[in-house]
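Data block below; observations after.
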Amino acid sequence: MRHAVNVPIFDGYADPRVVAVLAAAAEQAGWDGFFVADHLLTDFGMVLPIGDAWITLAAVAARTERLRIGPMVTPLARRRPWKVARETVALDVLSGGRLVLGVGLGYPPDADFERFGEDGSATVRAAKLDEALSIVTGLWTGVEFEHLGTHYSVRPTTFQPRPVQTPRIPVWVGGVWPRPRPFRRAARWDGVVPMGEGLFYTEMMKPAEIRAVAAFVARHRENDEPFDLVHWGVTPHGSAGAVMDDYAEAGATWWMETLDPWSNGWSGTGPWPIDRMTERVLRGPRG
Numbered sequence: 001m002r003h004a005v006n007v008p009i010f011d012g013y014a015d016p017r018v019v020a021v022l023a024a025a026a027e028q029a030g031w032d033g034f035f036v037a038d039h040l041l042t043d044f045g046m047v048l049p050i051g052d053a054w055i056t057l058a059a060v061a062a063r064t065e066r067l068r069i070g071p072m073v074t075p076l077a078r079r080r081p082w083k084v085a086r087e088t089v090a091l092d093v094l095s096g097g098r099l100v101l102g103v104g105l106g107y108p109p110d111a112d113f114e115r116f117g118e119d120g121s122a123t124v125r126a127a128k129l130d131e132a133l134s135i136v137t138g139l140w141t142g143v144e145f146e147h148l149g150t151h152y153s154v155r156p157t158t159f160q161p162r163p164v165q166t167p168r169i170p171v172w173v174g175g176v177w178p179r180p181r182p183f184r185r186a187a188r189w190d191g192v193v194p195m196g197e198g199l200f201y202t203e204m205m206k207p208a209e210i211r212a213v214a215a216f217v218a219r220h221r222e223n224d225e226p227f228d229l230v231h232w233g234v235t236p237h238g239s240a241g242a243v244m245d246d247y248a249e250a251g252a253t254w255w256m257e258t259l260d261p262w263s264n265g266w267s268g269t270g271p272w273p274i275d276r277m278t279e280r281v282l283r284g285p286r287g
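Take the sequence shown: its position 256, counted from the start at 1, is 256 in UniProt numbering, and no numbers get skipped.
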């Protein structure tokens, strides 16, 4: 199992400079990956400063040498896929081939879609996600590509340069378990990031549920290429390693430690306890 930090780039973490320093510290502390949220607004009903995922990841890439980096996850339905293709290649080049593209439908639909006049229905977001993935990965190939779909069209176009990674940048797909459609989609790509139905983003699925996700994806995979199963959560001080081991045994290949203000004493008002949240990173993955 590999271990990553997942940073909600809100409040004190909205500053890309702060997050880049944190990423460098995470690399020194032995973490394998560093991922950031991609939201326009919060999903818990309050106004906070929010950073931009792509600008932040560029800062992180420039300050680190080894960490896998990426958005966790980006809602492709509210982005222009050809712009994402350009941005992801630039980040892959800047990082020396360390980018993972985490994608999903996007949440919450009312805040990140409908408030800005975009269709927040799950059906439309899912259709746009599938089309956008075809476009992004098609443009990554560096050869002439075209697409005519329901939501997007691309006339014959060639994008250069290609990503550093071959055959392409890995794609991880998020989804709510046990809804089957996101996991059938994920089985076509390189990894899955499940979240349990009705759980808050820091609440953990059970190891048995992770085992069920692994079995479901295995049944729907059409090749034997390596596949990542990412589980996120918040581990207690002193027993992080034991918790992670249970999920590794269930089939998780990545642990995504989410930095959470509430478990670090935040009451819901005032600044986030950034110093205490950062301490979790400095202790290292199993600290």
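We treat Cβ as the ideally placed atom computed from N, Cα and C, and that holds for glycine.
Reference residue i, options the options, closest by Cα
| i | options | result |
| --- | --- | --- |
| VAL192 | PRO178, THR202, PRO236 | PRO178 |
| ARG219 | TYR247, ASN6, PHE183 | PHE183 |
| THR141 | ARG168, ILE210, ALA122, ALA127 | ARG168 |
| ARG17 | ALA59, ALA37, LEU40 | ALA59 |
| LEU41 | LEU139, ALA61, PRO75 | PRO75 |
| residue 298 | LYS83, TRP54, THR123, ALA90 | Nothing in the structure corresponds to residue 298, since the chain is present only between 1 and 287. |
Assigned exposure category for residue i - 16 Cβ within 10 Å defines buried
| i | result |
| --- | --- |
| VAL47 | exposed |
| GLU144 | exposed |
| LEU67 | buried |
| GLU225 | exposed |
Cβ-Cβ separation, residue j to residue i (assumed contact under 8 Å), whole Å
| i | j | result |
| --- | --- | --- |
| THR253 | ARG2 | 7 Å |
| LEU129 | VAL103 | 6 Å |
| VAL21 | GLY51 | Their Cβ separation, rounded to whole angstroms, is 13 Å, which puts VAL21 and GLY51 out of contact at 8 Å. |
| VAL164 | PRO81 | Going by Cβ atoms, the distance from VAL164 to PRO81 rounds to 20 Å, so no, they are not a contact pair. |
| ARG221 | ALA187 | 5 Å |
| THR202 | VAL234 | 5 Å |
| VAL73 | GLY196 | Incorrect: roughly 16 Å between the Cβ atoms, too far for contact. |
| ASP228 | ASP190 | 6 Å |
| ASP110 | GLY120 | 6 Å |
Residue i CB to nearest heavy atom of the ligand NAD below 7 Å
| i | result |
| --- | --- |
| ALA4 | The ligand NAD is not part of this structure, which contains no ligands at all. |
Reduced DSSP category for residue i - H, G, I as helix; E, B as strand; rest coil
| i | result |
| --- | --- |
| PRO167 | coil |
| VAL213 | helix |
| VAL173 | strand |
| THR141 | coil |
| PHE183 | helix |
| GLY196 | strand |
| ASP190 | coil |
Bridge partner(s) assigned by DSSP for residue i
| i | result |
| --- | --- |
| GLU257 | VAL5, GLY233 |
| SER153 | LEU148 |
| ILE69 | PHE34, LEU99 |
| THR74 | VAL103 |
| PHE159 | Answer by DSSP bridge pairing: none, since PHE159 is not bridged. |
| GLY10 | The sequence shown places Phe at residue 10, rather than the Gly named in the question. Per DSSP, ILE50. |
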